[in-house]
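Here is the structure we will look at, set down as structure tokens.
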Amino acid sequence: NRVLQKREEQLVWETILRKDLKDSIDFLQILPLVRTVQETNRLWQIHLRSGHQDFQPNHTWEKFTKWQTAFTDLCEVEGWWTEADLISKCLKWIQEDKIPIPEKFWFVGFRKGEDLLLDELKQSLKLRTSTFFDWQIAKLKSKKPTIRCFADQESELRTAIDWLAKVRKKQPQARLALLIPGLSQLQQTVRRLLDEQLIPDFEWQTECSHDVYQIMTGQPLFELKAFQHLSHWWEILQLLSSSSYLKIPFELLSHVLRSSFWKSKDSQESLIQLEMALRDKESLNVNHSLLRHLTEKTGCLHFLELLDGLKELIANTPKKQLPSEWTEFLRTVSQRLGWDPGREWDEERELFQDLSQLDSIIGPIQLGTLLQQARRRLQQRIYYPIQNSASEKILIMDTQDLLDLPLDCLWICGLTNEQFPPRLRKSNLLPATLQNNLSLNYMNFEQVEKSSQDLLERWGNQTNDLVLSSPLSIEGREVRPSVWINWPEKVEEPAGSRQLDPLWIDFANNQVTLETFSDSIGLPLLLGTAVRGGTSVLKAQALCPRMAYAEYRLGAKHPTIPRAGLSPIQRGNLVHWSLENFWNQAHRSSSLKDMCQVQVWIANSIEAALERFENYYPGMMKKTFRRLEARRLNILLLDWLDLEKSRIPFIVKASEEKGELLLGGLRFSVRIDRVDRLEHSNHLILLDYKSKTGNSSTSWFRQRITEPQLPLYAVNLWEGTLAAIAFAQVHNRECSFKGIQAEEGSLPGIKSFDKHPHRKELPDGYDWNTLITDWRVHLEDVAYEFAQGVAPLSYGIQVYSSDNLIEQIFAYSGARGFCRIYETHVPTFNEDLFWEIDST
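Residues 48 to 887, numbered by my numbering, are exactly what the sequence shown covers, in order.
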């Protein structure tokens, strides 16, 4: 008979339980039950099958016996043995004299009272009249353990670390260890305390901590970055195998493109550019046409070839194969990826070996089923990193990870009632009578006491100097020390932090002055330099020069967050393109009288805008969504044109006109959404479409203009007279103009300059032409600042509340990660036009 591996046996149990429970619970719920049933069957097969029938069965036991019968019948049909079957048969053969054994046995170094199987073996040897002896490894007689109690957990840990440090100083070659129950949850706190107590000042932020201590805690393979990356590629394989129409979630592509565990012929820079280009599309899912378009644009052709090659490989592979055949397929995929997990190669090899052994258990399966089994294996298998020279370091371990290492000094902390003694193996399926027979009953005082004493004796035999400790509180929560240890009455005082370096002490006492300097000037730009970003550069410089320098001089860019549906920018583009197309056909306000023709122009304009959108965002809008968006745009344009009809006659002189202007010694590319000329005069109106609400012209009356596009174009008019500048607010809740005009009548809903609320803040004699002249001066000043590299951490104060100010500065900025001032509370602003925060 073939003996099943534990993983194979688990799959058989899972199949039986799923069939009986009719998929009423998912895998994450059924897995603990599978493990409990598997362990209960092992206990029954080895320790309880014979001579333990005198108990009253309950409902759970009847359930277990039903599953066990189905399991046994299946194993007999298939010719399988479990590990428990093999052990029980070997014990039986020993008792029946079917296996030759020597007359004497020596058991060397076994843990007393910990292994039920060892007790069974000794009982079998007794029946054969063999003699056996328990020998412990010879070592120095250990001292009586020191027992200490602390007020809180941090004091306990600090004292333990300090004690180990002093021992290391006296005995550099001593083997030291600190055991902490629940280390995985406390690892960050423990690492901080270790660095503070063991690493000298000015050095604890470096890598030298690796030479002082080693934290030995296991973690699931699935949490290792190498295997997380491999799992991402597995998800892509499943998508390639399940659908002929490739559509990959953006987040999945982002993880893959930024990973360093695979080798690509494309440069790392081009892969990051591809990821950023995909992010800018703001789509949650990426189709093949969009991916092809962007890979060609960013030069990442190898990445697309790799995906197409994997799709072809899947197409040429049978839909169902044995697990061993699928593992060969996965090895081929790994080779194509050039996947390099580093020192975890052995783990990958063992993973594929385990999967290959499932042929006789689950038979031919689809790729998705195998990958599901592989992920479960990654989640279950615990990885322990192996580092050299571990014996020279202070070992930090969980109590359950304590290895049989000879130690000179051992401190075990956190021995509260919750942690000591450790919970014994327990099966909820076993009746109480059987649990008593196996010493698994938590309520049995004698059994728990014996277990505690055996464990304390084992710890004592492992070291020459043992310290046991417990806190009275953990993170403010009161706890009780274990009742199985005799604690001293004295509770030690809270421990202080590490001894500070004298320089730090002097600094803390203000005896050392920290030297600071402000470096807020960058390198100047050459005269005539073309600035990328257009008028957005002037807006950023007016709001915060530091942000402008980071974004437009250093290239800082905040990643776009993909979202479902269209983003505000994408919806705004559709409105801009639709209006541009419309006025390229209508040309003048008198054309709005023929509504039949207007409807035709609107339909054509929207269709052209949607086609343009499709070219830029291929495959993003499906037919149904496209119809809905066309309907939305149609309603919005009709509402807007109703407002346009209320204006005095005008002619659209330019729409989406581009140009280049010289300002502050720099060349700026500008684009004006629309320039209108009043039909019976030479007066011009400048419009900037806005698809959002809340637009304000307040900054046009301030020193630092945070909405510079229209004023910049206004001061560079080469013909005509400026009559008005305004935001054309095209929104389904409100269609209106927001701006200023020289005299009333040019635009509806806007007050003239003389009646504008901000006019009273200006000096007497200040007129429309003076305002336009000041715009040139203010814009020249801001442009000159940017050209000279002026970049203090400062804000242009053109809003009334700090919340609005922060929103203006950082809502659009690509350099939000460059400065964290927006994360804190901004104090009340004074009345200065330009408020600077000390950059030191």
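C-beta: ideal position from N, C-alpha, C; glycine also.
What number of angstroms, rounded off, separates the C-alpha of residue 692 from the C-alpha of residue 730? To locate residue 692, count along the sequence shown from 1; it is residue 645. To locate residue 730, count along the sequence shown from 1; it is residue 683. Cα-Cα distance, rounded: 18 Å.
From the DSSP output, read off the bridge partner residues of residue 730. For the purposes of this step, residue 730 is taken as residue 683 along the sequence shown, with counting starting at 1. The partner list for residue 730 (beta bridge, DSSP) reads 768.
Between which residues of its own chain and residue 58 is the CB-CB distance below 6 Å, once the five residues before and five after are set aside? Position 11 of the sequence shown holds residue 58. Hits under 6 Å: 408.
Reducing DSSP to helix, strand and coil, say where residue 715 ends up. Numbered from 1 along the sequence shown, position 668 holds the residue referred to as residue 715. Strand at residue 715.
Between which two residues does the beta strand (DSSP E) containing residue 510 stretch? Taking the sequence shown and counting its residues from 1, one reaches residue 510 at position 463. Residue 510 -> beta strand (DSSP E) spans 510-518.
Can you give me the C-alpha to C-alpha distance between residue 325 and residue 509, rounded to a whole angstrom? Taking the first residue of the sequence shown as position 1, residue 325 is located at position 278. Taking the first residue of the sequence shown as position 1, residue 509 is located at position 462. Using only the alpha carbons, I get a separation of about 58 Å.
Verify the contact flag: residue 330, CB atom, against every heavy atom of the ligand FAD, threshold strictly below 7 Å. The ligand FAD is not among the ligands present in this structure, which contains no ligands whatsoever.
For residue 619, which residues in the same chain have their Cβ closer than 6 Å to its Cβ, ignoring the five residues on either side in sequence? For the purposes of this step, residue 619 is taken as the residue at position 572 of the sequence shown. Hits under 6 Å: 738.
Quick check on DSSP: helix, strand or coil for residue 347? The count along the sequence shown starts at 1 and reaches residue 347 at position 300. Secondary structure at residue 347: coil, using DSSP grouped into helix, strand and coil.
Using beta-carbon positions only, say whether residue 638 and residue 725 come within less than 8 Å of one another. Locating residue 638 in the sequence shown gives position 591, where the first residue counts as 1. Locating residue 725 in the sequence shown gives position 678, where the first residue counts as 1. Not in contact: residue 638 and residue 725 (Cβ atoms no closer than 8 Å).
Touch test, the stretch 413-420 against the stretch 271-290, Cβ-Cβ under 8 Å, three pairs minimum: They touch, by the three-pair rule.
The stretch 358-374 touching the stretch 626-646, judged by at least three CB pairs closer than 8 Å: no
Cβ neighbours of residue 398 in the same chain (closer than 8 Å, five flanking residues each side left out): By 1-based counting over the sequence shown, the position of residue 398 is 351. Hits under 8 Å: 268, 421, 424, 425 and 428.
Ordered along the chain, which non-local residues of its own chain (more than five positions away) have a Cβ less than 6 Å from that of residue 379? Within the sequence shown, the letter at position 332 stands for residue 379. Taken in chain order, the list of residues that qualify is empty.
Assess contact between the stretch 761-774 and the stretch 664-678, defined as three or more Cβ pairs (one per stretch) separated by less than 8 Å. Is contact present? Not touching, per the Cβ criterion.
Could you give the distance in angstroms between the alpha-carbon of residue 141 and the alpha-carbon of residue 89? The residue labelled residue 141 in the question sits at position 94 within the sequence shown. The residue labelled residue 89 in the question sits at position 42 within the sequence shown. Distance between the alpha carbons of residue 141 and residue 89: 19 Å.
Compare the C-alpha of residue 297 against each of 320, 283, 665 and 330 and name the closest. Here residue 297 is taken as the residue at index 250 of the sequence shown, counted from 1. It is 330.
Which residues in the same chain as residue 368 place their Cβ atom closer than 7 Å to its Cβ, once the five residues preceding and following it in sequence are excluded? The count along the sequence shown starts at 1 and reaches residue 368 at position 321. Only 411 meet the Cβ criterion.
Roughly how many angstroms separate the alpha carbons of residue 277 and residue 68, rounded to a whole number? Counting from one through the sequence shown, the residue named residue 277 turns up at place 230. Counting from one through the sequence shown, the residue named residue 68 turns up at place 21. Cα to Cα, residue 277 sits roughly 33 Å from residue 68.
Looking at the secondary structure, which residues open and close the beta strand (DSSP E) in which residue 296 lies? Position 249 of the sequence shown holds residue 296. Its beta strand (DSSP E) spans residues 294-296.
Exposed or buried, what is residue 127 when buried is set at 16 or more other beta-carbons lying within 10 Å of its beta-carbon? Locating residue 127 in the sequence shown gives position 80, where the first residue counts as 1. Under this definition residue 127 is a buried residue.
According to DSSP, what are the bridge partners of residue 444? Locating residue 444 in the sequence shown gives position 397, counting from the first residue. According to DSSP, residue 444 bridges with 226 and 263.
Grouping DSSP H, G and I as helix and E and B as strand, with all else coil, what is residue 108? What you label residue 108 is simply residue 61 of the sequence shown in a count that begins at 1. In this structure, residue 108 counts as helix in the three-state DSSP scheme.
Measuring only the C-alpha atoms, how far is residue 849 from residue 746? As a first step, residue 849 must be located in the sequence shown, where it is residue number 802. As a first step, residue 746 must be located in the sequence shown, where it is residue number 699. With a pLDDT of 40 at residue 849, under the threshold of 50, the predicted position of this residue should be treated as unreliable, and no value is reported.
Among 814, 811, 741 and 601, which one has its Cα closest to the Cα of residue 785? Within the sequence shown, residue 785 is the residue found at index 738, counting from 1. Answer by Cα proximity: 741.
Validate contact between the stretch 620-636 and the stretch 689-709 using beta carbons, cut 8 Å, 3 pairs: These segments touch.
Candidates 518, 603, 114 and 337: closest to residue 294 by CA position: Here residue 294 refers to the residue found at position 247 of the sequence shown. The option with the nearest alpha carbon to residue 294 is 337.
My understanding is that residue 458 touches residue 207, with C-beta atoms under 8 Å, so please give their C-beta distance in whole angstroms. As a position in the sequence shown, residue 458 is number 411, starting the count at 1. As a position in the sequence shown, residue 207 is number 160, starting the count at 1. In this structure residue 458 touches residue 207 by the C-beta definition: roughly 5 Å separates them, less than 8 Å.
Touch test, the stretch 611-628 against the stretch 591-602, Cβ-Cβ under 8 Å, three pairs minimum: no
On the CB-based measure, 16 or more other CB atoms within 10 Å of its CB, does residue 586 come out buried or exposed? As a first step, residue 586 must be located in the sequence shown, where it is residue number 539. It counts as buried.
Close beta carbons around residue 299, own chain, < 7 Å, minus the five adjacent residues each side: Indexing the sequence shown from 1 puts residue 299 at position 252. Taken in chain order, the residues that qualify are 279, 282 and 283.
Alpha helix (DSSP H) containing residue 193: first to last residue? One-based indexing of the sequence shown puts residue 193 at position 146. Per DSSP, residue 193 belongs to no alpha helix (DSSP H); it is in the beta strand (DSSP E), 193-197.
For residue 525, the residue or residues it bridges with in DSSP: Mapped onto the sequence shown, residue 525 falls at position 478. Paired residues: 520.
Enumerate, from N- to C-terminal direction, the unbroken alpha helix (DSSP H) stretches of 4 or more residues contained entirely within the stretch 770-834. 815-834
Pair within 8 Å by beta-carbon distance, residue 538 and residue 519: Locating residue 538 in the sequence shown gives position 491, where the first residue counts as 1. Locating residue 519 in the sequence shown gives position 472, where the first residue counts as 1. Going by C-beta atoms, residue 538 is nearer than 8 Å to residue 519.
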